[in-house]
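What follows is a single structure, written as structure tokens, with notes after it.
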Ligand code: ADP
Ligand code: GN1
Ligand code: MG
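Residue numbers (the working numbering): 1 to 368.
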């Protein structure tokens, strides 16, 4: 048993007993990665051998509609299972483990919980190790979108209203700036000015979509590198995880989010801003991988907009971090004072880099 305190692990053990898992619990550890949920890994021994599971206490402050969230995940995983079952080139889908009463999640005293089968012999990465890895991740997310192309958009619920809307993120930012509850705006003056100068870019995707340049399609919505699992032996992508934000949006959101995270030359919360930037070779690998996975359905205008999407998503996530800093760190988990401001600075630094190297990135586009 690791860092998880005995008090919290005994609570988690009680929760696990309510999921339909056979055998004896042998081990339980925290498995923290993202900014939203609390994640644990458990090991069980039964007559069939050893099996492992991922358990998550769902952040219901962020996801207030937990039934809607789990409805979406069931719809997506069922659809993927139908598509990939047997085939899929070794690609797997996440699989939920129901509660003992057959539900997709458990309402426990400390909040809602869900359980997934652990994908064995896999690894995930917080920082990109090679162009090949970037290519494989991007192709996996592109294929993921392609597999969902025939899933009914209206069958998915909008669990966080206007989650992907950059204009809405700008409104939330301005609200936080106006109310400035902790009087943090003045000290963040440079970042606030940077954000306000870029107001015009937030409406571009919505305008193009309204003009009919491309339709809304289902996206993954959180294409961080550590949301792809790679086979430990072959290095091939084997599963896409973290399906909480699978909802209708503009497809290039996923490409933009891939670039902002995987082609970053620094950590998402790096304080040494001289390290911040976007690696053009990784950008090229991501663009090629995404096109190989999703190119079949993208319109010519979408392909043209790929570099813009990288800038827009990087800006929008930076705006969300800055908004949360101004609002008092109420959304993203933080580990230190000023953590969200540090994160916003990195996103804005990357955006500034991409703006200054627009031509260089365009020259790295596949086919150019
Ligand atoms: P968060 O929303 O906090 O990012 P995730 O659902 O992405 O949570 O899970 C955190 C990490 O746990 C992932 O980055 C991945 O490395 C790992 N993980 C999640 N689900 C599985 C699974 N079913 N099998 C193996 N690893 C997993
Ligand atoms: C959050 O769960 P996690 O840490 O992978 C956020 C994403 C952001 C990301 C920024 C539901 O993702 O939208 O892009 O942080 N998820 C939610 O790192 O808000
Ligand atoms: Mg994740």
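Built from N, CA and C at the ideal position, the CB exists for glycine as well.
Please confirm whether any heavy atom of the ligand ADP lies closer than 6 Å to the CB of residue 125.
no
What is the DSSP secondary structure of residue 244, counted as helix, strand or coil?
coil
Can you find a heavy atom of the ligand MG that lies under 6 Å from the Cβ of residue 242?
yes
Go through its chain and collect everything with a Cβ distance to residue 231's Cβ below 7 Å, but skip five positions before and after it.
121, 122 and 238
Closest by C-alpha distance to residue 285, when choosing among 312, 362 and 330
362
Per the contact definition of three or more C-beta pairs closer than 8 Å, is the segment 148-163 in contact with the segment 308-317?
no
Taking all protein chains shown into account, do 16 or more other C-beta atoms lie within 10 angstroms of the C-beta of residue 155, making it buried, or fewer, making it exposed?
Label assigned to residue 155: exposed.
Given this structure, state the Cα-to-Cα distance separating residue 2 from residue 8, to the nearest angstrom.
Since pLDDT at residue 2 reaches only 45, below the 50 mark, its modelled position is unreliable, and the value read off the structure follows with that caveat. Cα to Cα, residue 2 sits roughly 11 Å from residue 8.
Taking the runs of the alpha helix (DSSP H) that are 4 residues or longer, which of them lie wholly in the segment 69-147?
131-147
Where residue 142 and residue 189 are concerned, what is the direct C-alpha to C-alpha distance, given to the nearest angstrom?
38 Å
Alpha carbon of residue 278 to alpha carbon of residue 292, nearest angstrom
21 Å
Considering only DSSP beta bridges, list what residue 231 is partnered with.
According to DSSP, residue 231 bridges with 122.
The alpha helix (DSSP H) spanning residue 168 covers which residue range?
166-179
Run the proximity test for residue 221: is its beta-carbon closer than 6 Å to any non-hydrogen atom belonging to the ligand MG?
no
Is the segment 328-345 touching the segment 241-256 in the sense that three or more CB pairs, one from each, lie closer than 8 Å?
No, they do not touch.
If residue 58 sits next to residue 113, beta carbons under 8 Å apart, how far is it from one beta carbon to the other, in whole angstroms?
7 Å
Here's a check: name, in chain order, each residue in its chain whose Cβ is nearer than 6 Å to the Cβ of residue 267, leaving out the five neighbours to either side.
For residue 267, there are no CB contacts under 6 Å within the same chain when 5 residues up- and downstream are skipped.
Looking only at its own chain, which residues have a Cβ that is under 6 Å from the Cβ of residue 364, when we skip the five neighbours before and after it?
280, 283 and 284
Just checking residue 34 against the ligand MG - is the residue's beta carbon closer than 6 Å to any of the ligand's heavy atoms?
yes
Applying the 10 Å Cβ sphere with the 16-neighbour rule, what's the burial state of residue 101?
exposed
How about the segment 217-237 and the segment 334-346: do they share at least three Cβ pairs that are nearer than 8 Å?
no
On a CA-only basis, which of 28, 324 and 83 is nearest residue 10? Give me that one, please.
28
Residue 75 versus residue 297: straight-line alpha-carbon distance, rounded
22 Å
Among all the DSSP beta bridges, which residues are the ones paired with residue 49?
46
Using 10 angstroms around the beta-carbon of residue 302, count the other beta-carbons present and answer buried if the total reaches 16, otherwise exposed.
buried
Beta-carbon separation of residue 257 and residue 313 under 7 Å?
Residue 313 sits close to residue 257, with the two beta carbons spaced by under 7 Å.
Using a Cβ-Cβ cutoff of less than 8 Å, which residues in the same chain neighbour residue 209 once the five nearest sequence positions on both sides are dropped?
215, 216 and 250
Tell me whether the beta-carbon of residue 229 lies closer than 7 Å to the beta-carbon of residue 124.
yes
Work out the CA separation of residue 25 and residue 36 for me, nearest whole Å.
26 Å
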